[in-house]
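Right, one structure below, let's go through it.
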Amino acid sequence: VTRLVVRRLLVAIPLIAAVTLGAFVLVDQAPGDPAVTLAGENPDPARVEQLREELQLDEPVLSRWMDWITSAAQGDLGTSLQTQEPVSDVLGERLEVTLSLLFVTAVFAGIIGFGLGIVAALRPRGVVDRGITTVCSVGLAAPPFWIGLFLVAIFAVNLQWLPAVGYAPISEGIWPWLERLILPALALAIFLAAEIALQLKGSLTEVRAKDYVLTAEAKGLPPSKVLFKHSLKNAAAPVATVAGVRLAALVGGTATVETVFGLRGVGDLAVGATLNRDVSVMLGVLLISCVAVQIINLVVDISYGYFNPKVRT
Amino acid sequence: MRARSGTSTFKRAAAVGATALVLLAGACSSGDSTSSSPDGTSGSSSSGEFDPNATLRIAYAAPSDTLDPHKPTIAVAPVYDFPIYDRLFDVDGEDNIVPMVAESSSFAPDGTYFEVKMREDVTFHDGTPVDAAAVKASIERGKTVTGSTVSNLLKGITAVEVVEPYTVRFLLDGAGPEVPSILATHAGAIMNPTVIADPSADLARKPPAAAGSGPYIVEDSQQNASVTYKSAPTYWEETPRVATLSITFVPQSATRVAGLEAGDFDLVQVSADAYQNASAAAESGSFEMLSTPAASRDLVINIEKGKLSDPDVRRAISLAVDRDAVATVQPCTPNSQPYMDNHWAYNPEITIETDTDTARSLVEEAGPVAFEVAYGAGSSYEQVATVLQSQLGEVGIDLALRPVEQAQVNQLFSEGSVDAIMQSIIPTADPILMLNQNFFGGQNIARGPIGDEVKALAATATEPGMTQEERAPIYQEMFATIMDNYLYIPVCQSTQGWAHKKDIVGLDTMPGLRTGTVVVTRLGVAQD
Numbered sequence: 002v003t004r005l006v007v008r009r010l011l012v013a014i015p016l017i018a019a020v021t022l023g024a025f026v027l028v029d030q031a032p033g034d035p036a037v038t039l040a041g042e043n044p045d046p047a048r049v050e051q052l053r054e055e056l057q058l059d060e061p062v063l064s065r066w067m068d069w070i071t072s073a074a075q076g077d078l079g080t081s082l083q084t085q086e087p088v089s090d091v092l093g094e095r096l097e098v099t100l101s102l103l104f105v106t107a108v109f110a111g112i113i114g115f116g117l118g119i120v121a122a123l124r125p126r127g128v129v130d131r132g133i134t135t136v137c138s139v140g141l142a143a144p145p146f147w148i149g150l151f152l153v154a155i156f157a158v159n160l161q162w163l164p165a166v167g168y169a170p171i172s173e174g175i176w177p178w179l180e181r182l183i184l185p186a187l188a189l190a191i192f193l194a195a196e197i198a199l200q201l202k203g204s205l206t207e208v209r210a211k212d213y214v215l216t217a218e219a220k221g222l223p224p225s226k227v228l229f230k231h232s233l234k235n236a237a238a239p240v241a242t243v244a245g246v247r248l249a250a251l252v253g254g255t256a257t258v259e260t261v262f263g264l265r266g267v268g269d270l271a272v273g274a275t276l277n278r279d280v281s282v283m284l285g286v287l288l289i290s291c292v293a294v295q296i297i298n299l300v301v302d303i304s305y306g307y308f309n310p311k312v313r314t
Numbered sequence: 010m011r012a013r014s015g016t017s018t019f020k021r022a023a024a025v026g027a028t029a030l031v032l033l034a035g036a037c038s039s040g041d042s043t044s045s046s047p048d049g050t051s052g053s054s055s056s057g058e059f060d061p062n063a064t065l066r067i068a069y070a071a072p073s074d075t076l077d078p079h080k081p082t083i084a085v086a087p088v089y090d091f092p093i094y095d096r097l098f099d100v101d102g103e104d105n106i107v108p109m110v111a112e113s114s115s116f117a118p119d120g121t122y123f124e125v126k127m128r129e130d131v132t133f134h135d136g137t138p139v140d141a142a143a144v145k146a147s148i149e150r151g152k153t154v155t156g157s158t159v160s161n162l163l164k165g166i167t168a169v170e171v172v173e174p175y176t177v178r179f180l181l182d183g184a185g186p187e188v189p190s191i192l193a194t195h196a197g198a199i200m201n202p203t204v205i206a207d208p209s210a211d212l213a214r215k216p217p218a219a220a221g222s223g224p225y226i227v228e229d230s231q232q233n234a235s236v237t238y239k240s241a242p243t244y245w246e247e248t249p250r251v252a253t254l255s256i257t258f259v260p261q262s263a264t265r266v267a268g269l270e271a272g273d274f275d276l277v278q279v280s281a282d283a284y285q286n287a288s289a290a291a292e293s294g295s296f297e298m299l300s301t302p303a304a305s306r307d308l309v310i311n312i313e314k315g316k317l318s319d320p321d322v323r324r325a326i327s328l329a330v331d332r333d334a335v336a337t338v339q340p341c342t343p344n345s346q347p348y349m350d351n352h353w354a355y356n357p358e359i360t361i362e363t364d365t366d367t368a369r370s371l372v373e374e375a376g377p378v379a380f381e382v383a384y385g386a387g388s389s390y391e392q393v394a395t396v397l398q399s400q401l402g403e404v405g406i407d408l409a410l411r412p413v414e415q416a417q418v419n420q421l422f423s424e425g426s427v428d429a430i431m432q433s434i435i436p437t438a439d440p441i442l443m444l445n446q447n448f449f450g451g452q453n454i455a456r457g458p459i460g461d462e463v464k465a466l467a468a469t470a471t472e473p474g475m476t477q478e479e480r481a482p483i484y485q486e487m488f489a490t491i492m493d494n495y496l497y498i499p500v501c502q503s504t505q506g507w508a509h510k511k512d513i514v515g516l517d518t519m520p521g522l523r524t525g526t527v528v529v530t531r532l533g534v535a536q537d
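Listed in order, the protein sequences are those of chains A and B.
Using my numbering, you'd call the opening residue of the first sequence number 2 and step up by one each time.
Using my numbering, you'd call the opening residue of the second sequence number 10 and step up by one each time.
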């Protein structure tokens, strides 16, 4: 595991450097003047010039990136160009929202995805299986923001069971925190759950036809033991891969759902920073996203060792 | 406050469908602020007893980037700052400048200064008097503090003098009758000198209670997200107030409306993208909606560029625009000049017409006409620009569309990089501020000899000691000159909605309804 972590870290460093350099170049090449954007409406030309100097816009892009990456390596992500606050503080405020959202999403996706996948695999090609496959196909096709809008219309506006907008920190209590995350997390989780369910159904159906499972059943082991101890564990490895990849994609995909539900998370921060040309914050968000994706990939890699002991050797 | 309303099942189903469509439309569009209403009526009460213990939750379309009144980069400072800070002058619901902390005021006969006698019963929330010294410290800070975005606005005030403890004098150079309206903006916010001098005071995020003398104190704020205020223990002016006021930035109009319907908000701004569906939902009884005119949609052209310098070509452009057709794609009403008929600078004799035959013959005489218009990508101007492209094309004018970052639109026009832009000419309470911002300085719409003529007229309207009655005909003549020469092409006045629960007090007299930059300090919640 230690070697795996070290190897992952060694890969992550050049990856993060390349991604941030790419972001620098893209922002630099985008039309318009960031200093004008940051100076506000009808700005004093002197203020625009001052901002241009502060942003070092006359410096080559590579030089600006080198300055940033050197500071970032020392833990200094700079200050927000728009608000003059440390980027780490800005990110810290928003991170709780997005992490909470992703956590609840992962829990929902796991419960729904594993539940549907197991039920479908128990009677392959049956009515239930076909029904679940159809539902999952719809779940894969529907974008999360679209699902979110309908969830709001039904559960918040019509039934008024859950709030439509906003976030309550967990310090205000578990239920206030959870009730504002249920709808956005469901909106995000449905795609992931559908992916897990279909993947699990396929691999579980395959595993359940293996000799060792048939032998276990022939020996009279309880069906639940055969399923959970012998079948599910072996079927879960490919599911972990898919779930990891999709969850990593959700890290970047939270922006639309955060916008629909008025959640002030990292995705929403990224949208605002991009519109306001706040390069420091954009890079901070990018860095966080890169690290999150690397961590998810690492967890997936480690999980292989649990699901398949042969990988450990 | 999540009680269900008693609509029928059918109406409820229809409302769900409409809401889903609203939400879908909102998700596909930008979060700017414009809209309209069917009848322009509202059920909001503007009088009666209000509940001092109530909570008022507002969802607004623009964020607060800072609570420092001298440093906002977004033009919505009044929304978030006015609950905290009083000014010498205020703007009422009819866009008139009225005294606030000022008691009386006068200009020097030669126009070199403007003197204000202040009320003596106003204090900051630490008991420090709001006096001339505080005004001096505040204006000087606005002019000099690093990162000030109001220094340009205050440049006509060269110095501030304390004449007496409650009499302050503004020395002027290049500023005139518009000074009270400048002092009514966030640039004129009166801040506590002791807080200004305190380097530990976080004026951007959490101004101390003592920072201002306004009706509210900041309890919590999240930058670019929300601000929560609590009622100040005492306030000199008797006005409807609530115990807790929160303003939350929700970018999507449809999300704001859904939040109102779900009971998360009490008052929400409804922009153009969600306006029609919100109107339908309001008619079903879910909530009420006040409709008001909002930002205009104007085609601002550089009259020194190519064939646009020909007045006949500009006239052809204006004649080719079918404003009623534009109103079918976006909630708005045709307009003919910057001000509406309730303002003293409005000229009732200015009319605007559509005549495509005449436009076509003018273009034929002028030869091929082609120009480019820039606008904020994804903004509500985009829709209007697309309609104009089609309408101008019908008379032989080739209009190329150039979507750019919204913040760059003015810059491109000011530096002469584009032929025209789509934007709003926002009428300020005093026309000279709007003229300085759009026609003379900034965008410099009034160019060339016609521009000089307009500037000369404007100068005569800002001579010291002139009354509003004396200035009105001069501005009316000036707007006639602007429109006769087609210095810009007004298209239409968008309509905005304020969807709200039925017990909101004071909504229909809320200052700033015209521009969307509302002042929420006089809102309250009616007693049960």
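Yeah, the Cβ is synthetic: ideal placement off N, Cα and C, and Gly gets one too.
A quick note: this is a predicted structure, and the numbers were derived from the prediction, not measured.
Among the residues facing chain B, Gln161 (chain A) is included, as its CB has a counterpart in that chain under 8 Å away. For Lys164 (chain B), the number of other beta carbons within 10 angstroms of its own is below 16, and it is reported as exposed.
Where Leu5 (chain A) is concerned, the enclosing alpha helix (DSSP H) starts and stops at Thr3 to Gln30. In this structure, the straight-line span from the alpha carbon of Leu10 (chain A) to that of Ile296 (chain A) is close to 10 Å. About 6 Å separates the Cβ atoms of Ile454 (chain B) and Asn447 (chain B), confirming a contact at the 8 Å cut-off.
Annotated three-state conformation of Ala143 (chain A) is coil, per DSSP. DSSP places Val338 (chain B) inside the alpha helix (DSSP H), whose first and last residues are Arg332 to Val338.
Residues of the segment 204-238 of chain B with a C-beta atom less than 9 Å from some C-beta of chain A are Ala213, Arg214, Gln231, Gln232, Asn233, Ala234 and Ser235, listed in chain order. Scanning the segment 158-219 of chain A for uninterrupted alpha helix (DSSP H) segments of 4 residues or longer gives 175-180, 183-209 and 212-219, listed from N- to C-terminal end.
In the displayed model, His79 (chain B) falls within coil according to three-state DSSP, outside both helix and strand. In the structure shown, the three-state DSSP call for His134 (chain B) is coil.
Taking 8 Å as the upper bound on Cβ-Cβ separation, chain B lies near residues Val91 and Glu94 of the segment 91-108 of chain A. For Asp34 (chain A), the residues of chain B that pass the 8 Å Cβ criterion are Gln417 and Gln420, in the order they occur in the chain. Taking CB atoms only, Thr38 (chain A) has a neighbour in chain B less than 8 Å away. For Arg66 (chain B), the secondary structure class from DSSP, reduced to helix, strand or coil, is strand.
Counting only unbroken stretches of 3 or more residues, the beta strand (DSSP E) elements lying wholly within the segment 257-332 of chain B are 276-279 and 297-310, in sequence order.
Per DSSP, Ala416 (chain B) lies in no alpha helix (DSSP H) and is assigned neither H nor E. In the DSSP annotation of this structure, the continuous segment of the alpha helix (DSSP H) that includes Tyr307 (chain A) starts and ends at Val280 to Phe308. Residue environment for Phe380 (chain B): buried (at least 16 other C-beta atoms within 10 angstroms of its C-beta). Under the Cβ criterion of 8 Å, Gln30 (chain A) is not counted among the residues facing chain B. Under the criterion of beta carbons closer than 8 Å, Ala165 (chain A) and Ala271 (chain B) qualify as touching, at roughly 4 Å. For Ile93 (chain B), the number of other beta carbons within 10 angstroms of its own is at least 16, and it is reported as buried. Taking the C-beta atoms as reference points, Asp74 (chain B) is found nearer than 8 Å to Thr84 (chain A). Think of a sphere of 7 Å around the beta carbon of Glu270 (chain B): the chain A residues whose beta carbon falls inside it are Val158, in chain order. Rounded to whole angstroms, the separation of the alpha carbons of Ala429 (chain B) and Ser318 (chain B) is 12 Å.
When the alpha-carbon of Ser399 (chain B) is set against those of B:Thr360, B:Ile361 and B:Ala334, the nearest one is in B:Ala334. Chain B has no Cβ within less than 8 Å of the Cβ of Arg65 (chain A). Apart from sequence neighbours up to five positions away, the residues of its chain that approach Pro202 (chain B) with a beta-carbon distance below 7 Å are Ala142, Ala143 and Ala146, ordered along the chain.
With its beta carbon less than 8 Å from one in chain B, Thr260 (chain A) belongs to the interface. For the segment 198-218 of chain A, there are no residues whose beta carbon sits under 9 Å from a beta carbon of chain B.
A buried status is given to Asn344 (chain B), since no fewer than 16 other beta-carbon atoms sit within 10 Å of its beta-carbon.
Using a 10 angstroms sphere on the CB of Ala468 (chain B), the tally of other CB atoms stays under 16, which defines it as exposed. Note on Gly183 (chain B): under 16 other CB atoms within 10 angstroms of its CB, so exposed under the neighbour-count rule. By the rule that beta-carbons nearer than 8 Å mark a contact, Arg265 (chain A) touches chain B. Between Asp439 (chain B) and Ile106 (chain B), the C-beta gap is smaller than 8 Å, which places the two residues in contact. Check the Cα spacing between Thr257 (chain A) and each of B:Ala267, B:Asp130 and B:Pro260: the tightest is with B:Pro260.
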